[in-house]
Structures are given as C-alpha cells and as structure tokens.
Amino acid sequence: MDSKLKPLVEALQQGKKAVFFLGAGVSTSCGIPDFRSPKTGLYAQLERLNLPYPEAVFDIDYFRDDPRAFYALCHELYPGKFFPSPFHFLLRLFQEKDLLQRVYTQNIDTLEQLAGVDASNIIAAHGSFADNHCIDCKERMLPEQLKIHMHEKTVNDGIPTCTKCSGYVKPDIVFFGEGLPIEFFDRWDEDSEAIDVAIVAGTSLTVYPFAGLPAECDKKCLRVLINNEVVGDFKLNKRKSDVILKKSCDEMALAIARQMGWEQELEELIKGEKDKFEGKSKKTEAVEVDEKGGKEEKPKKMEEAVTESTELLDSQAFEDAVEEQPADVMSATAKKAEKVAAAIKEVEEEKELEEDLKKLSI
Ligand code: OAD
C-alpha cells in the first residue's frame, strides 16, 4: 500500500494542493448510511416508507405530493448527533498545512465543517440543512423554527409549512428535479482550470453533474480514488497515472497521515475534538436529566444547563426566530425560561445547604 501512496505523498511534499470530491462513504463510519450499498445503504432500507421507488424520498415532485417520507427520514439524518470521521479530520489537516484547494461534497451532514474545515473551502454541491425555504413562495424558515415544527407532531403531522402561503417547507438540500447551487458551477469554473491533485472518496459517482467532475480534471492532474469499489471515470476511462485505493476512507486517511508524518497530530486533533463534542452532548443530557427529575451530580450539571439555556436565549438566531414567528418561538422560550429558572433555584438551594452545613461543622 505504501508504494501505491507514493505519487500522492510526493505531490503533497512538493506543496501541491488537493481538491477533494466526497460522497456518503466518508461518513458511514460516523453512523450515517450511504445510499447505494446493498443491504446497508439508505435506499435498501426504505421499504417501511412505502415509496414508489427509493430515490422518491429526495424527489421534488414526490415531496410536493407527500412530504411525510422525507420528514420521517429527516429526523434520523438531521445534523447534530454525529461526530466526524478520521477522514474528515484529515481534510482539516490538509487545510492547516495549506494543502487544501477545495472540498466538493455531495454530503448534507455538515461533518466537514464540524471537523473544522472553513466554509469558504467547502462546496456543498447537494445543498445542506443550514437553511430552509417554502417550496411555493420561497419564504425562508430558520433552522430553529423548522426544528420546532418537526417536533410538534400534533400540528400538521410535524411537517413544517409556510406561515405566509401554507406551502411545504423544505431544507435547502438539492432534490432530484432541482438545480445545484450556482456557487457549485462558479467555483468549478475557477477550480477546474488548475488542479494538481484530485482525491475522490466514498462516492459511487452515479449522480450528475457531480459524478462528471473527475473526468473534467486535466490529464496532468494526479487522480486518486479512495473507495470500497472502483467507480465512474476510474473504471470507464482509467488513466495510467490514476491511484486506485480500494480501501475504507478512514484506513486511507490514517495511512496518508502516517506517510506525511502527521499521525500523532491527527490522533490528538481527533481526541481534542471528541472531548469537546462529548462535553456538549453531556450538557444536552443535563437538560434531559433535569426534565425527568434526575437527582445525580446536580450542581455541576445544573450550572451547565443554565449556561446552555442562557446562551440559546441570547443567540442572534433565537432573536431572529422570535421576530419572524413570535407565537411558536415564544412558547418554546417560555418552556426554556421555566427550565432555566428551576435550574437556578436548585443550584441556589444547593449552595445554601452547603453554607448551612459549613456553619454546623464550625
Ligand atoms: P452512494 O451510496 O451512491 O455511494 C457510496 C460509495 O461509497 C459506494 O461506492 C460505497 O461502496 C462506498 N463506501 C461506503 N462506505 C465506505 C467506506 N467506509 N470507505 C470507502 N468506501 C465506502 O453515495 P453517493 O455517491 O454519495 O443525492 O451518492 C450520491 C448522491 O446520491 C447523494 O448525494 C444523494 C444520493 O441520491 C441526493 O440526494 C440529491
């Protein structure tokens, strides 16, 4: 394997930058299924949604008729609970070493950003969950509002609808039948002029126009495929200089890091980010413990809950949401405020008790 990586390692050591072309296979180790793998892929698991054909779940015409299947899936795929893979952190190291030209991704899981890749370096070819719009009048709905609607099952089965025209609201992910973001084409016009290294990973290269990009790379470009199977132009028009690594994305991320002398840095980066991520998850758990009336480790968890809730209430996104949809958001605010007040009261009572005990021991 070492010798196969040699051309890539040499190019990087000469300071040549890489453009990445990513698909769902870079996120499977994070617990997100890909689309087309037999048995484990999302499309093989959608029988329960009674779709006419699996891709219908992401088809704009089907969504217009019946958005329930998409929203059933949306709960499972919504970003927030997944942690990036070693491959995502390798992208961050490429960026830190000034070896990253761009990341073109078909993924909507936003794990590239979570791993610390700058938004300016990422082209989300199939859109993302970062914003939402009504499919009819295009009115915007903020993510905070969308989440409130999605969880309010008693209103319209939890399907977010537009406050202006009652049309269905959809996250800005690109469905079959919709165009790709203009930024994709603009950036590709610039980037495709000069690409030294193209790394294609975790994609079956079946959905166009994305699938056509590796074929558009100049003949002088070093193309690398990291995938469980050989796909697309690497299969149909293999070039002599192509490097084909039929391995898992994470295994190859670690191998590249090792060959570049970045192994320890990658390990430390992942560990540090994991600790931060788990810290955040614990804060969320603290609110849940509070809701269920849990009693363990209260003072510390309560303080964390207070900090988190206060941060949320102070956030600009929350202010914007209040302005746009006072009724929904205000009821959520009231619930949050109740929780904060209860948490503060409990922390204060705990402190008083501590003071009393100290006095008694004197
Ligand atoms: P696919 O599911 O079509 O392809 C994923 C590829 O990654 C397959 O070739 C797998 O064998 C491979 N793979 C899976 N896990 C891997 C791993 N850990 N290491 C290496 N290889 C692995 O997913 P995409 O190509 O991303 O579009 O699909 C493209 C588009 O089709 C998606 O963006 C989505 C979908 O319909 C829209 O929804 C518009």
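Numbering of the sequence shown is given in the working numbering, commencing with residue 353 and proceeding in unit increments.
Don't be surprised by glycine CBs; every beta carbon is placed ideally from N, CA and C.
CA-to-CA distance, residue j to residue i, given in whole angstroms
i           : j           : result
residue 404 : residue 414 : 9 Å
residue 581 : residue 555 : 9 Å
residue 568 : residue 527 : 24 Å
residue 412 : residue 446 : 36 Å
residue 606 : residue 438 : 7 Å
residue 386 : residue 595 : 23 Å
residue 622 : residue 603 : 15 Å
residue 620 : residue 608 : 16 Å
residue 423 : residue 392 : 20 Å
residue 519 : residue 513 : 5 Å
residue 630 : residue 467 : 14 Å
residue 470 : residue 464 : 8 Å
residue 551 : residue 557 : 13 Å
residue 593 : residue 396 : 35 Å
residue 487 : residue 416 : 8 Å
residue 358 : residue 545 : 25 Å
residue 475 : residue 590 : 26 Å
residue 664 : residue 498 : Model confidence at residue 664 stands at a pLDDT of 48, short of 50, so the residue's coordinates are unreliable and nothing is read from them.
residue 432 : residue 503 : 15 Å
residue 505 : residue 563 : 38 Å
residue 535 : residue 612 : 32 Å
residue 618 : residue 408 : 39 Å
residue 383 : residue 626 : 15 Å
residue 401 : residue 421 : 6 Å
residue 399 : residue 373 : 30 Å
residue 494 : residue 480 : 13 Å
residue 529 : residue 425 : 19 Å
residue 716 : residue 436 : No information on residue 716 is available, as it lies outside the stretch 353 to 714 that the chain covers here.
residue 549 : residue 390 : 30 Å
residue 543 : residue 406 : 33 Å
residue 632 : residue 576 : 36 Å
Neighbour-count burial assignment, residue i, 16 or more Cβ in a 10 Å radius
i           : result
residue 365 : exposed
residue 379 : buried
residue 489 : exposed
residue 560 : exposed
residue 566 : buried
residue 457 : buried
residue 367 : exposed
residue 588 : exposed
residue 507 : exposed
residue 501 : buried
residue 410 : buried
residue 454 : buried
residue 509 : exposed
residue 355 : exposed
residue 440 : buried
residue 460 : buried
residue 579 : buried
residue 624 : exposed
residue 600 : buried
residue 666 : Only weak support is given to the placement of residue 666: the predicted model assigns it a pLDDT of 46, under 50, and the question is left unresolved by the model.
residue 531 : exposed
residue 496 : buried
residue 381 : buried
residue 537 : exposed
residue 679 : Confidence is the limiting factor: at residue 679 the pLDDT is only 46, short of 50, which leaves the residue's position unreliable, though a coordinate-based value still follows. Per the 10 Å Cβ criterion, exposed.
Bridge partners - residue i, DSSP secondary structure assignment
i           : result
residue 486 : 521
residue 575 : 550
residue 479 : 525
residue 456 : 373 and 475
residue 492 : 485
residue 513 : 520
Every unbroken beta strand (DSSP E) inside the region 359-418 [3 residues or more]: Correct list: 370-374.
Please go through the region 560-625 and give each complete beta strand (DSSP E) segment of 3 or more residues, from N-terminal end onward. Those beta strand (DSSP E) runs which fall completely within the region 560-625 and span 3+ residues are 574-578 and 595-597.
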